[in-house]
Structure formats: structure tokens, C-alpha cells
Amino acid sequence: MSDSIDRDTFDHLVGLAALELDQQQADYLLRELNNQLKAIRELAAIPLDESVPASLHGVPYASAVSPELREDVWQPHPNPEEIIALAPDTRDGYIVVPDIPHTTLE
Amino acid sequence: MELCDIPAYELSLLLRQRQISAEEVTRACLERIDAVDGRSGALDAGSLTPEDEQKVHAFITITRERALNQARTVDQKLADGEDPGLLAGIPFTTKDIFCVRGTPSTAASRILANYTAPYTATPVARMEAAGAVMLGKVNLDEFTYGSSNESTAFQPAPRNPWNPAHVPGGSSGGSASSVAAGEAALSLGTDTAGSIRQPAAFCGVVGVKPTYGRVSRYGLIAFGSSLDCPGPVARNVVDAALMLQTIAGADPRDSTAAKVPVPDYLAQLEGGVKGLRIGLSPDYFRIAFPDPQTGEYREQPLPMDIESPVLRAAEVLASLGAEIVEDVPMPNTRYGIPAYFVISRVEAASNLHRYDGVKYGYRTRQPIDDLTKLYRQTRNEGFGLQPKLRILMGMYVSAAQYSAQYYQRALRVRTLIRRDFEQAFDRSGKHRLDALLTPTTPTTAFKMGAVYGDSVLMQYADQLTVPANHAGIPGLSLPGGLDADRLPVGIQLLGPDFSEDVLLRIGRAYELATQTEDWRKIKPMVLR
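Order-wise, the sequence lines are chains A and B. Going by the working numbering, 189 is the number at position 50 of the first sequence; the sequence numbering is gapless. Going by the working numbering, 454 is the number at position 187 of the second sequence; the sequence numbering is gapless.
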């Protein structure tokens with residue numbers, strides 16, 4: 140367990156998060172993250188019996204509460220052009236993006 | 268009284284009696300907006316002017332023509348003798364975290380600033396189907412991350428109508444301020460850690476966090492999928508009940524929307540509180556916060572200005588026949604914030620991963636020849652600091668080597684928080700409460716710029732509200748008075764799952780019993 144996030148870990152997280160930060164932002168964010176960790180570490184001190192389960196959400200999802208799943212039947216969208224038109228760059232119904240990086244294998 | 272200040276339930280009667288028209292009501296609201304709102308929030312807004320500092324700035328997008336057309340449709344239906352719907356002609360605003368077809372739906376973020384939604388969120392659709400008139404989309408903390416509305420990319424940020432040098436609260440700052448300023452009768456907000464109740468308390472209005480799953484999240488731009496609750500903001504309990512009636516209920520488009528039947532919230536609204544057991548907990552009358560120097564926790568009792576409206580409310584309710592049950596232990600309340608830090612960040616990181624500049628929203632304009640660079644540049648330019656902070660924290664605490672002690676542990680602490688409520692409300696338990704009565708916030712509205720930047724202290728504004736989000740239970744914040752600086756103080760009612768009808772009934776009883784009190788005659792500063 141780390142006591143605080145070091146620079147290397149931080150840079151790794153930035154990569155995972157698909158961000159690219161300038162120095163000032165990186166400094167601020169790293170400082171804030173470590174400040175927040177102090178509060179989160181309080182979690183470690185809470186007495187937690189082995190038997191206490193995790194709750195993904197508070198309200199229990201009994202069958203009285205949960206709706207049934209619908210039939211797995213696909214339906215065509217009435218107006219796909221409207222949705223595609225929201226993309227920043229399109230051509231012939233396709234969304235245009237730059238290529239992924241290519242590597243030549245030895 | 269101006270048309271825009273009249274309660275929705277009274278407007279409804281006047282409209283149906285054809286004493287006023289929906290178009291007149293809409294125009295009155297638009298005039299109020301023009302008088303007090305000032306510049307709407309926008310990207311790259313430049314510096315604040317002295318005039319900006321006196322205005323409310325609730326809106327990002329005002330949908331003037333659309334609203335007038337909706338109003339005219341209502342008037343036509345009334346003229347034709349058709350039923351125009353439960354909320355016919357009632358003006359409302361929508362927190363800009365909801366998709367509304369044909370409107371910019373921005374989440375107050377640059378990354379969605381150019382996004383015009385192709386569909387409408389279920390709660391909005393239900394209100395419009397009931398004849399309500401949407402005046403526009405109102406401002407919020409970026410992606411709902413915040414408790415002051417200051418983090419919005421659309422500046423100027425909203426200001427508190429009671430004193431525009433102070434924050435309206437967040438993240439539903441635009442919702443609460445638009446209703447408090449009489450710009451609309453109702454607003455649709457969301458509550459993830461208190462984001463309806465806290466700004467409602469700061470702005471002296473009524474805010475309801477329904478039970479998780481009571482209101483569909485379809486069309487709600489997601490932050491914390493296990494925590495987010497759409498809900499009403501209004502100036503009185505009857506209006507809040509009218510709105511909840513309209514938006515609540517199952518939705519085939521949201522698998523987490525409960526199929527529990529929606530009661531008639533209005534039928535029993537004035538049924539009174541005789542025999543109801545209402546609890547007070549010492550754990551809700553203190554603040555636990557990290558010492559700025561050492562980071563160690565300190566405990567502090569709440570200021571008298573915050574505590575006394577709650578104790579007074581208990582007296583009022585007791586005089587109406589409720590049984591007040593003191594010393595109800597809620598020992599896990601103080602863990603609400605650290606657990607929330609973890610759970611919400613994990614969900615936020617996941618939910619924000621979809622913003623990549625490919626299918627919709629902002630894409631970087633820099634020349635990029637590599638898809639992964641496109642993602643990074645777009646997200647770097649499009650997200651503000653607060654979303655970035657949450658994403659990074661979410662990545663960290665869910666990473667394989669840390670998740671057992673952070674994320675998994677937080678989910679188990681969540682169980683403890685839920686159990687506090689289950690025990691308090693257990694019909695065969697020690698306390699057998701129908702509701703818990705607490706303050707809504709540890710302070711009144713702080714000054715703009717005072718807390719923003721120090722994210723830990725900002726987050727503790729939600730200490731008394733976030734347990735309800737962990738537990739999923741409903742909560743209602745009501746105006747309880749004004750402090751020495753004439754800033755509103757909120758009181759909160761918390762109840763068992765799907766007990767909104769009881770909470771509204773208690774709130775209404777309190778509201779009626781105190782309706783002639785002097786503090787209720789005082790108006791927000793921007794309206795004086």
C-alpha cells in the first residue's frame with residue numbers, strides 16, 4: 140500500500156486516463172490527489188467485520204423492484220443519419236478518425 | 268405578486284380557470300430572467316464585470332421561442348376544452364446534465380459544448396408531456412462535480428439570489444438559483460452526494476432527492492451510476508410533490524428505474540404528522556473534517572444558526588402530534604465522505620471514458636495523425652480540472668493492486684452506512700422511525716471563491732447529505748429559516764426506501780405551521 144502517489148504512478152494513471160497534462164495542471168492534480176488520499180485513508184481505520192458484504196448500490200434489487208429484461212430483439216434506429224451527423228468528421232455514413240499507430244514487427 | 272413568483276399549484280388553478288394564460292406566465296418568467304439573470308454562462312467568457320457580480324447567471328441556454336410555443340400549445344388545449352396535463356403551463360428549468368432533443372446539452376463542459384442532443388431524457392419528456400413549459404437549460408458544476416457550481420466551464424458561474432457574493436451551492440446551482448429568483452416555478456436537478464438538497468438549502472428552496480431508481484436516469488449524462496438521482500426543486504412542498512408525481516415511475520429504457528408503483532403524492536399531502544416517529548441523531552449535529560495542517564480528523568458541533576432551525580422544526584412537529592425520538596445513533600455517518608470519494612470517482616472515471624472526440628462532442632482541432640493522440644488531446648482540452656481529478660482518482664483506487672483496500676473497502680463501508688438507516692427505520696427495531704430530521708448542510712452558502720480549489724473542504728459540504736446517496740434512501744430539504752446574515756438555512760428529512768409520500772407530508776405540515784413566520788416574508792437580495 141502506498142502512502143501517497145509518486146510521480147511515476149501519477150504519469151501511469153494519466154496514460155490510463157487518456158489525458159495529456161501540462162506541468163502546472165499535473166502539479167495541481169497530483170497535490171490534490173494526495174490531499175484526498177489522506178481522507179480516503181480513514182477508510183482503512185474503519186472496523187470492518189469479515190462478514191460485511193460490498194453494496195454496489197444502497198437499495199436492494201429484489202424482483203419487486205427490478206424491471207424484467209426485455210426480449211433480445213434488435214430494432215433498426217429510425218434515423219441513423221441524425222446520429223452520425225453529430226460526429227466531428229464523417230464521410231459516406233462513416234466516422235473519420237486518424238489512423239492507429241503502426242509498428243513494423245521485426 | 269408577480270406571475271413568476273406564484274406557486275405552481277396556484278398557477279395551475281388560475282390557468283384552468285382561464286384567469287391567466289400560459290403565454291402570460293412564460294413571458295413573466297422571461298422578463299424576470301431578463302431583469303435578474305445577466306449574462307448566460309458561456310465558454311471563454313472573459314473576466315467578470317461589476318454588473319456580473321450582481322446577477323444570478325442561472326442559465327446556459329434560454330429556449331425562448333421553444334418555451335413560447337409550448338405555452339401557446341397549452342393555451343390552445345385549454346381553449347379547446349382538452350386536458351392539458353398536470354403541470355400545464357408551469358415554467359421549469361432543466362439542469363444541463365440532461366439531454367433535451369434539439370438543445371445544447373453540455374454538462375457544463377467544453378467537451379460537450381457543441382453537442383445538440385438527438386433525444387430527450389425521460390424526466391424532461393414526462394414534464395413536457397404533462398404540459399410544463401421548459402424555459403431553458405441551467406448551469407451546474409462541470410459534469411456535476413462540485414458543491415458550489417464554480418467549476419463550470421460556462422462562466423459567469425451562477426450566484427446565490429439571497430446574496431450574489433455567495434455561491435448558490437452545487438452541483439444543481441442553476442436549478443436552485445433559477446427557482447429562488449422566481450425565474451421558474453420548478454427545476455429538474457440531480458442529486459449524487461447532495462447536489463439537489465445542498466443548493467436547495469443554500470438558496471432557500473425545497474429540494475427532493477428521490478429514492479435511487481424512483482426516477483428514470485434515461486437521458487441523464489452519467490456521473491455516478493449507482494448514486495445519481497434526478498429530482499425536483501421548487502419553492503414549496505406542494506409544487507415539489509406535483510413535479511415528483513409527474514417524473515417518477517418505471518421506464519423500459521432504464522433497467523435501474525424501479526417498478527414500485529408511484530403513490531398519489533398529493534392525496535395524503537395534508538394528512539398531518541400525528542403519531543409519526545421522527546428521529547434526531549447526534550451524529551448529524553456535528554461536522555467531522557480533516558485538520559488543514561495535520562490531515563487528522565477533528566469534530567466540531569454545528570453552528571447555532573444551523574442547529575436551531577432543526578430543533579425548532581422538531582418542536583413544531585411535536586406540537587402537531589409527531590413523536591420526536593432523540594439520541595438515534597447513526598455512527599457510520601462520518602465515513603460517508605471518504606467512501607464517496609472512492610465510489611464516485613471509480614464510477615466517474617468509467618462514465619467519462621466515452622468522451623474521446625470520435626462520435627460526438629468536442630474534438631481537438633490540432634493536426635493529429637494518431638488515434639490515441641486524438642483521445643488524449645481531445646480529453647485534455649475538453650475536460651476541466653475537476654473532471655480530470657475525478658478520473659485520475661477513479662483510476663487509482665480501482666487499479667488492481669489498490670482496489671481491495673480502496674474500492675472494495677468503500678463498497679463495504681457503504682453497507683455499514685445503509686445499515687444505520689435500516690436499523691433506524693426498522694419497524695421492529697429500537698427506534699422505529701418514520702423519518703430522521705437533520706440539518707441539510709454544515710454551513711450556509713459560503714462566499715464565491717472561498718472554498719473552491721481546496722477540493723477536500725469543498726467535498727465536506729455534503730457530509731450530511733451523502734449518506735442518503737450511499738444508502739439509496741430519499742431525502743427532502745426544506746427552508747428552515749435565515750441566519751444572522753440573512754442566508755437561508757435548510758432542514759432535511761430522510762426516510763426509508765420509497766417513502767417520499769411521508770417525507771412530503773411531514774414537510775408540508777411544517778411548511779403550513781410556519782407559513783406566517785416573519786422570515787418567510789423576506790425576499791432574496793436580487794428581488795428586493
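We put the CB at the ideal spot given by N, CA and C, even for glycine.
C-beta contact flag for residue i and residue j at 8 Å
i	j	result
T370 (chain B)	T419 (chain B)	no
G774 (chain B)	P741 (chain B)	no
N381 (chain B)	Y532 (chain B)	no
P734 (chain B)	I179 (chain A)	no
G539 (chain B)	A780 (chain B)	no
G474 (chain B)	A443 (chain B)	yes
T806 (chain B)	A468 (chain B)	Summary: the structure shown does not reach residue 806 (chain B), with chain B confined to residues 268 through 795, and so no result is reported for it.
S454 (chain B)	A355 (chain B)	no
M401 (chain B)	A507 (chain B)	no
P237 (chain A)	L641 (chain B)	yes
T457 (chain B)	D495 (chain B)	yes
P755 (chain B)	G471 (chain B)	yes
K362 (chain B)	R426 (chain B)	no
K526 (chain B)	V204 (chain A)	yes
F365 (chain B)	V391 (chain B)	yes
G480 (chain B)	G542 (chain B)	no
R772 (chain B)	Q535 (chain B)	yes
R679 (chain B)	P192 (chain A)	yes
Y276 (chain B)	V505 (chain B)	yes
A514 (chain B)	V405 (chain B)	The question names Ala, yet the displayed sequence has Ile at residue 514 (chain B). Their beta carbons are not under 8 Å apart, which means I514 (chain B) does not touch V405 (chain B) by this criterion.
E778 (chain B)	N503 (chain B)	yes
A226 (chain A)	V625 (chain B)	yes
I684 (chain B)	A751 (chain B)	no
A325 (chain B)	K714 (chain B)	no
A616 (chain B)	R657 (chain B)	yes
L172 (chain A)	Y663 (chain B)	yes
A315 (chain B)	V292 (chain B)	Checking the sequence shown, residue 315 (chain B) turns out to be Leu, not Ala. Contact flag unset, no.
V609 (chain B)	R544 (chain B)	no
R681 (chain B)	G197 (chain A)	yes
Pick from the options that is closest to residue i, judged by C-alpha positions
i	options	result
P576 (chain B)	B:L760, B:T682, B:L509 and B:A555	B:L760
A770 (chain B)	B:L700, B:G486 and B:V434	The question names Ala, but residue 770 (chain B) is Leu in the sequence shown. It is B:L700.
R377 (chain B)	B:E648, B:L345, B:T459 and B:K626	B:E648
A717 (chain B)	B:A309, B:G757, B:D304 and B:S415	B:S415
T710 (chain B)	B:I789, B:R299 and B:L749	B:L749
N174 (chain A)	A:T242, A:S143 and A:I222	A:S143
F765 (chain B)	B:Q782, B:Y627, B:G516 and B:Y607	B:G516
K476 (chain B)	B:Q644, B:A275 and B:N736	B:N736
D623 (chain B)	A:D150, A:E159, A:T148 and A:S202	A:E159
P186 (chain A)	B:N599, B:L315, B:V592 and B:E395	B:N599
I758 (chain B)	B:L270, B:L578 and B:R681	B:L578
S493 (chain B)	B:R612, B:E784, B:G546 and B:P528	B:R612
V529 (chain B)	B:M510, B:R544 and B:V434	B:M510
T459 (chain B)	B:Y551, B:D729, B:I545 and B:D636	B:D729
E784 (chain B)	B:A712, B:P746 and B:V793	B:P746
L379 (chain B)	B:S522, B:Y627, B:A397 and B:V609	B:Y627
Y607 (chain B)	B:G413, B:D350 and B:R643	B:G413
A224 (chain A)	B:Q668, B:E290 and B:A384	B:A384
P549 (chain B)	B:Q633, B:P634 and B:P568	B:P568
A399 (chain B)	B:Y674, B:G352 and B:K788	B:G352
**OP:** Would you list, in chain order, the members of the region 157 to 169 of chain A that have their beta-carbon closer than 8 Å to a beta-carbon of chain B?
**Re:** A157, L158, E159, L160, Q164, Y167 and L168
Original post:
Which runs of the alpha helix (DSSP H) spanning at least 4 residues fall entirely within the region 498 to 575 of chain B, listed in chain order?
Top reply: 504 to 514
Original post:
On the three-pair Cβ rule with 8 Å, is the region 434 to 447 of chain B touching the region 405 to 416 of chain B?
Top reply: yes
Original post:
Going along the chain, which residues of the region 685 to 698 of chain B sit with their C-beta nearer than 8 Å to a C-beta in chain A?
Top reply: R685
Subject >> Contact set between the region 320 to 332 of chain B and chain A, restricted to residues whose Cβ is under 8 Å from the partner >> reply: Correct list: empty, as no residue qualifies.
Original post:
In the region 187 to 199 of chain A, which residues sit with their C-beta less than 7 Å from some C-beta in chain B, listed in chain order?
Top reply: L187, V191, P192, A193, S194, L195, H196, G197 and V198
Original post:
Taking contact to mean at least 3 C-beta pairs separated by less than 8 Å, is the region 220 to 236 of chain A in contact with the region 304 to 312 of chain B?
Top reply: no
**OP:** Check whether the region 278 to 294 of chain B touches the region 351 to 365 of chain B, counting contact only when three or more Cβ pairs, one atom from each stretch, lie closer than 8 Å.
**Re:** yes
**OP:** Give, in chain order, every residue of the region 202 to 227 of chain A whose Cβ lies closer than 9 Å to some Cβ of chain B.
**Re:** A203, V204, S205, P206, E207, L208, R209, N218, E221, I222, I223, A224, L225, A226 and P227
Subject >> Contact set between the region 411 to 441 of chain B and chain A, restricted to residues whose Cβ is under 9 Å from the partner >> reply: Cβ contacts with chain A come from no residue of the region 411 to 441 of chain B.
**OP:** Closer than 7 Å, Cβ to Cβ, to anything on chain A: give me those residues from the region 506 to 520 of chain B, in chain order.
**Re:** Those would be A517 and P519, in chain order.
Original post:
Taking any Cβ of chain A, which residues in the region 738 to 750 of chain B have a Cβ under 8 Å from it, in chain order?
Top reply: A738, G739 and I740
Subject >> Contained alpha helix (DSSP H) runs [length at least 4] in the region 577 to 645 of chain B, N- to C-terminal order >> reply: 603 to 618
Subject >> Within 7 Å of chain A by C-beta, residues of the region 627 to 643 of chain B in sequence order >> reply: Y627, R630, I635, D636, D637, L638, T639, L641, Y642 and R643
**OP:** Report the residue ranges of all beta strand (DSSP E) runs contained in full by the region 272 to 331 of chain B; include only those spanning at least 3 residues, in chain order.
**Re:** 326 to 329
Subject >> Interface residues of the region 521 to 534 of chain B facing chain A [CB-CB below 9 Å] >> reply: D521, S522, T523, A524, A525, K526 and V527
Subject >> Contact residues within the region 756 to 774 of chain B, judged by C-beta distance below 9 Å to chain A >> reply: D764 and F765
**OP:** Determine which residues of the region 377 to 396 of chain B have a Cβ less than 8 Å from any Cβ of chain A, and write them out in chain order.
**Re:** Y382, T383 and P385
**OP:** Compile a chain-ordered list of the residues in the region 477 to 505 of chain B whose CB is closer than 7 Å to at least one CB of chain A.
**Re:** T478, Y479, G480 and S493
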